[in-house]
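So the structure is just underneath, and the comments pick up after that.
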Amino acid sequence: MIARILAAATALLLTGCATVFTPPQTAALLDKPPQDLPARVERSAVPFFAQTRDHCGPAALATALADVGLPADPDRLADAVFLPSRSGTLQLEMLGGARRQGAVATQLPGELEALLREVAAGHAVIVLQNLGLALIPRWHYAVVVGYDLGTHEIILRSGTTQREVMALRTFEYTWARGGRWAITALPPRQLPATAREAEAQDAAVGFERAAPPAQAALAYEALLARWPGNLLAGIGLGNTRFAAGDMVGARTAFQAAAERHDSAVAWINLARLRLDAGDRNGARTAAENAIKRADVSEPAWRDAARATLAATNEH
Amino acid sequence: MNKARRILSSILIASLVFSSMAQAAPTALISTEQAAAAMQAAPRSEAHAKLQAALDRDDLATMLQARGVSVDELRARVNALTDAEAQQMLEQIDQAPAGSSDVLGVLFTVFVILLVTDILGLTKVFPFTRSVR
Numbered sequence: 010m011i012a013r014i015l016a017a018a019t020a021l022l023l024t025g026c027a028t029v030f031t032p033p034q035t036a037a038l039l040d041k042p043p044q045d046l047p048a049r050v051e052r053s054a055v056p057f058f059a060q061t062r063d064h065c066g067p068a069a070l071a072t073a074l075a076d077v078g079l080p081a082d083p084d085r086l087a088d089a090v091f092l093p094s095r096s097g098t099l100q101l102e103m104l105g106g107a108r109r110q111g112a113v114a115t116q117l118p119g120e121l122e123a124l125l126r127e128v129a130a131g132h133a134v135i136v137l138q139n140l141g142l143a144l145i146p147r148w149h150y151a152v153v154v155g156y157d158l159g160t161h162e163i164i165l166r167s168g169t170t171q172r173e174v175m176a177l178r179t180f181e182y183t184w185a186r187g188g189r190w191a192i193t194a195l196p197p198r199q200l201p202a203t204a205r206e207a208e209a210q211d212a213a214v215g216f217e218r219a220a221p222p223a224q225a226a227l228a229y230e231a232l233l234a235r236w237p238g239n240l241l242a243g244i245g246l247g248n249t250r251f252a253a254g255d256m257v258g259a260r261t262a263f264q265a266a267a268e269r270h271d272s273a274v275a276w277i278n279l280a281r282l283r284l285d286a287g288d289r290n291g292a293r294t295a296a297e298n299a300i301k302r303a304d305v306s307e308p309a310w311r312d313a314a315r316a317t318l319a320a321t322n323e324h
Numbered sequence: 057m058n059k060a061r062r063i064l065s066s067i068l069i070a071s072l073v074f075s076s077m078a079q080a081a082p083t084a085l086i087s088t089e090q091a092a093a094a095m096q097a098a099p100r101s102e103a104h105a106k107l108q109a110a111l112d113r114d115d116l117a118t119m120l121q122a123r124g125v126s127v128d129e130l131r132a133r134v135n136a137l138t139d140a141e142a143q144q145m146l147e148q149i150d151q152a153p154a155g156s157s158d159v160l161g162v163l164f165t166v167f168v169i170l171l172v173t174d175i176l177g178l179t180k181v182f183p184f185t186r187s188v189r
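One line per chain: the protein sequences are D and L, in this order.
Terminal number for the first sequence in my numbering: 324, no gaps in between.
Terminal number for the second sequence in my numbering: 189, no gaps in between.
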C-alpha cells in the first residue's frame, strides 16, 4: 500500500518536473527558436567509434577528428589522452590531444544554442556530460551530431550507442552539470561558427605550440580573416611563417601587424627579420619604432627593442 | 710551406668571421606566447619549465608508472598545454594543502588528481536510460 502511494507520488513528481522544470536554455530555445536556425538537423554521415571500456574521451575525439578527415584511431588516441589510473580523460588533454592530431580545438560558449548552431554549420561538437549527480559524478564525453526542435531532442554519438536520442532538457541538465563544456576540433582553415574571439585566439596559440608551423600559420590566417584587428593573430602568423621557412610571408605579416597596431613586438620581430634579410636601414627604422612604442606604452619590451637597435649597428 | 700557412690562415680567418657572424646574428624572434603573456600580464612559460622539472624526479616517475602513466607521455601532454593552462595547473600545486612535507604526494596529486577534482573532468561510462520527457 505504502509502496503504491510512493509510486504514485513519484510519478506525479516526475511528470511535474518534466512540465514545470525545463532548464532555462532549453526553455528559451523552444519558446522562441531563432529564425535563422534550422528546426531539424541530423548529420548522419558523422562516423562512429564505439568506445571500449572507459575510453569515451578517445572515442569522442576520434569521432570529431574522423568527421573532418583527420587521422583518428581511438586506440592510439587513448595513449595520448587517456589516464589509466583515473579511468578517464581530462578536458585539457582532450584539447591537447586534438591539437597533436592536427586539429584546432576551440572551446565554445556555454550556450545550448551555440551547440545547435555548430551542428547546423556542419561541425561535430564534443561535449562533456555528467550523467550522474553533482555529488556522485558520472563523467562522459559524447559528440552532438543532430537535433530536432520539433520533438525537443538532441542526437549524439555516445559511448556504445551510435545514435543516441536524448531529450533536449535532459541533455541540458547533464551538460550543465559537466560545466557546459563543449569544443569543436576542426582543421586549421575552419573556425567554429559561434566561437568568441578570446577562445578562438587561445585555440590558435595552443595549436601553434603543438602543430607543424605551416599548419599553425593557416589557423592564424583564419583567425585574422574573421577578426582582422586581432594583434596576436598577426604576430602568430609572422612567427609561424618564419618557423615554416617563409621569410617573405613572415615579414609581410609583422609589417601589417606593426603598422596596424603600432605593436612593439611586431616592430622588434620585423626589425630582426629585416636584419636577417640584409635590410639594415629597414631594420633600424623598425627598431626605432619599437623603442618609441616601448617607451610610451609597452615598457616590458624596452630592453628587447634597444638590443634589436644595437644589433642593427653591429655588423 | 708559405702556401700551406697562407691556406691555414685563410681558413682560420674564415672560421673566425663565420663564428663572429653566428654570434652577432639577430636574436630569436619574440614568440607568440611571449607576446600573449605580455598582453595579459601573465607569467611566461616558467610554468611549463616547472612542470617539466617536476617530472624529472625519479620518485614521481616511479609513482606515475605504477599507475600506468608514462612520464614521456605526460611530458608531451604538458608541452601541448598553453602557458595559461600550464599556469592553471601550477596554481593547483600552490593551492595544495599547505605545510605538507610530502612533496611527492603533492606533485602526484597535481599531475593526476587535482586536475580532476577541479571539474576538469574524468570520464566514466554508465549506460544511460532515457528519461521521461
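Glycine included, each C-beta is placed from N, C-alpha and C at the ideal position.
What's the call for residue i, buried or exposed, on a 16-neighbour Cβ count within 10 Å?
i, result
"Q143 of chain L", "buried"
"V154 of chain D", "buried"
"F216 of chain D", "buried"
"A78 of chain L", "For A78 of chain L, the pLDDT reaches just 39, beneath the cut-off of 50, and the residue's location in the model is therefore unreliable, although a value from the coordinates is still provided. Exposed."
"E323 of chain D", "exposed"
"T160 of chain D", "exposed"
"A234 of chain D", "exposed"
"S272 of chain D", "buried"
"G6 of chain D", "A question about residue 6 of chain D goes unanswered here, because the residues of chain D that appear run from 10 up to 324."
"Q116 of chain D", "buried"
"I145 of chain D", "exposed"
"E307 of chain D", "buried"
Relative to the C-alpha of residue i, which residue among the options is closest?
i, options, result
"P83 of chain D", "D:E102, D:A68, D:Q34", "D:A68"
"L70 of chain D", "D:E51, D:F91, D:R62", "D:F91"
"E122 of chain D", "D:A36, D:W276, D:L246", "D:A36"
"Q264 of chain D", "D:M256, D:K301, D:A275, D:A87", "D:A275"
"D63 of chain D", "D:A133, D:W190, D:H149", "D:H149"
"L284 of chain D", "D:A253, D:S306, D:L74, D:A319", "D:A319"
"V50 of chain D", "D:L241, D:E162, D:P80", "D:E162"
"T72 of chain D", "D:T61, D:V55, D:A87", "D:V55"
"L101 of chain D", "L:L163, L:A91, L:A132, L:G161", "L:A132"
"T88 of chain L", "D:K301, D:G258, D:A296, D:D211", "D:D211"
"A151 of chain D", "D:L282, D:T98, D:D40, D:A220", "D:T98"
"I192 of chain D", "D:A262, D:R186, D:A204, D:A316", "D:A204"
"A253 of chain D", "D:L232, D:P221, D:A273", "D:P221"
"Q44 of chain D", "D:A87, D:Q171, D:A129, D:R260", "D:A129"
"G105 of chain D", "L:D115, L:L146, L:A136", "L:A136"
"L124 of chain D", "D:R315, D:V305, D:F180", "D:F180"
Report the three-state DSSP secondary structure of residue i (helix, strand or coil).
i, result
"R235 of chain D", "helix"
"A97 of chain L", "With a pLDDT of 46 at A97 of chain L, under the threshold of 50, the modelled position of that residue is not reliable, and the figure given next carries that caveat. A97 of chain L: coil per DSSP, three-state reduction."
"L195 of chain D", "strand"
"I163 of chain D", "strand"
"T138 of chain L", "coil"
"A299 of chain D", "helix"
"T115 of chain D", "strand"
"R62 of chain D", "coil"
"F91 of chain D", "strand"
"L70 of chain D", "helix"
"D348 of chain D", "Here chain D comprises residues numbered 10 to 324, so residue 348 of chain D is not present and cannot be evaluated."
"Q44 of chain D", "coil"
"R293 of chain D", "helix"
"R189 of chain D", "coil"
"P222 of chain D", "helix"
"P308 of chain D", "helix"
"L227 of chain D", "helix"
"L144 of chain D", "coil"
"F30 of chain D", "coil"
Tell me where the alpha helix (DSSP H) around residue i begins and ends.
i, result
"Q34 of chain D", "33 to 40"
"Q264 of chain D", "256 to 270"
"A117 of chain L", "114 to 122"
"V214 of chain D", "206 to 219"
"T321 of chain D", "311 to 323"
"E181 of chain D", "177 to 186"
"R108 of chain D", "100 to 109"
"D285 of chain D", "273 to 285"
"T169 of chain D", "That residue, T169 of chain D, is in no alpha helix (DSSP H); it is neither H nor E in DSSP."
"V128 of chain D", "121 to 129"
"Q108 of chain L", "102 to 111"
"F251 of chain D", "240 to 252"
Between which two residues does the beta strand (DSSP E) harbouring residue i extend?
i, result
"W148 of chain D", "148 to 157"
"L137 of chain D", "134 to 139"
"R49 of chain D", "49 to 51"
Would you mind giving the Cβ-Cβ distance between residue i and residue j, rounded to the nearest angstrom? I have them listed as a contact below 8 Å.
i, j, result
"L79 of chain D", "A112 of chain D", "6 Å"
"P197 of chain D", "Q224 of chain D", "5 Å"
"R281 of chain D", "T249 of chain D", "The Cβ separation is near 16 Å, so there is no contact."
Relative to chain A, which residues along the stretch 260 to 292 of chain D have a C-beta separation below 7 Å, given in chain order? The structure shown has no chain A; the protein chains it does contain are D and L.
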